[in-house]
Amino acid sequence: ISDWLTVSENITNGILKKDKELILNGLDILIYSILANIPYDWLNKNPEGWLKTMIGVAISMKNTYYSAENQNIIGRTDLHIAKDDTAFVVEVKVDSNAEECIEQIEKKYEQSYQNYFKEIVKIGVNWDREKKEIDVMIK
Numbered sequence: 018i019s020d021w022l023t024v025s026e027n028i029t030n031g032i033l034k035k036d037k038e039l040i041l042n043g044l045d046i047l048i049y050s051i052l053a054n055i056p057y058d059w060l061n062k063n064p065e066g067w068l069k070t071m072i073g074v075a076i077s078m079k080n081t082y083y084s085a086e087n088q089n090i091i092g093r094t095d096l097h098i099a100k101d102d103t104a105f106v107v108e109v110k111v112d113s114n115a116e117e118c119i120e121q122i123e124k125k126y127e128q129s130y131q132n133y134f135k136e137i138v139k140i141g142v143n144w145d146r147e148k149k150e151i152d153v154m155i156k
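Here this note's numbering is used: the first residue of the sequence shown is 18, the next is one more, and so on.
And the structure:
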């Protein structure tokens, strides 16, 4: 359970502090240590959904409220955390790139948050399964 607590701390604090390295560390432990024994066909059916769910579990363990699949007229964000006057919007991809995640937030979702928050922190997360690399971009 101590690994889960570390993952929860790193991912949640990384998001709230805009710290890419903390997020990367948390995701690395999550994917390559804690969940390493999950059968590959479980995550092959919907790897992006699987990863979003695991990130959500880690955030929830820190007793931090997040909203998932928040819909607007153009689409839906993967998840976001609202804290004070800041929205932390997280977009997750698998076998893509973190820059594409940021572009998707800017193109489809950012406008829907601008009326309610002074600051919108965009966080893109990509997991390249073949290369076994995790990329995080914060803007």
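Quick reminder that beta carbons are idealized off the backbone N, C-alpha and C, glycines included.
No experiment lies behind these values; they were computed from the predicted model shown.
Legend entry - Three-pair Cβ contact test at 8 angstroms for the segment 81-99 versus the segment 120-136: yes
Legend entry - Ranges of the alpha helix (DSSP H) found wholly within the segment 40-82, counting only runs of at least 4: 57-61, 64-78
Inset, instruction - Could you check which residue in ASN114, ALA85, GLY73, GLU116 has the C-alpha nearest to that of GLY43? - result: As a working mapping, residue 43 is identified with position 26 in the sequence shown. Looking at the Cα atoms, GLY73 is the closest of the given residues.
Legend entry - Alpha-carbon to alpha-carbon, ASP102 and TYR49: Start at 1 with the first residue of the sequence shown, and residue 49 comes out as number 32. Start at 1 with the first residue of the sequence shown, and residue 102 comes out as number 85. Whole-angstrom Cα-Cα distance: 34 angstroms.
Inset, instruction - List the endpoints of the continuous beta strand (DSSP E) containing SER84. - result: Counted from its first residue, the sequence shown places residue 84 at position 67. Unbroken beta strand (DSSP E) run through SER84: 84-88.
Legend entry - Test: LEU22 CB closer than 9 angstroms to a CB of chain C: Of the chains in the structure shown, none is chain C; there is only one protein chain.
Inset, instruction - Pick out the complete alpha helix (DSSP H) segments inside the segment 85-142, 4 residues or longer, and give them in chain order. - result: 115-121, 127-131
Legend entry - Residues near ASN30 by beta carbon distance below 6 angstroms, same chain, minus five either side: Counting from 1 along the sequence shown, the entry for residue 30 is found at position 13. Contacts found: LEU39.
Legend entry - Check whether PRO64 and TRP144 have beta carbons under 9 angstroms apart: For the purposes of this step, residue 64 is identified with residue 47 of the sequence shown, where counting begins at 1. For the purposes of this step, residue 144 is identified with residue 127 of the sequence shown, where counting begins at 1. Their beta carbons are under 9 angstroms apart, which means PRO64 touches TRP144 by this criterion.
Legend entry - Endpoints, beta strand (DSSP E) assigned at GLU150: Walking along the sequence shown from the start, residue 150 turns up at place 133. 150-155 is the extent of the beta strand (DSSP E) around GLU150.
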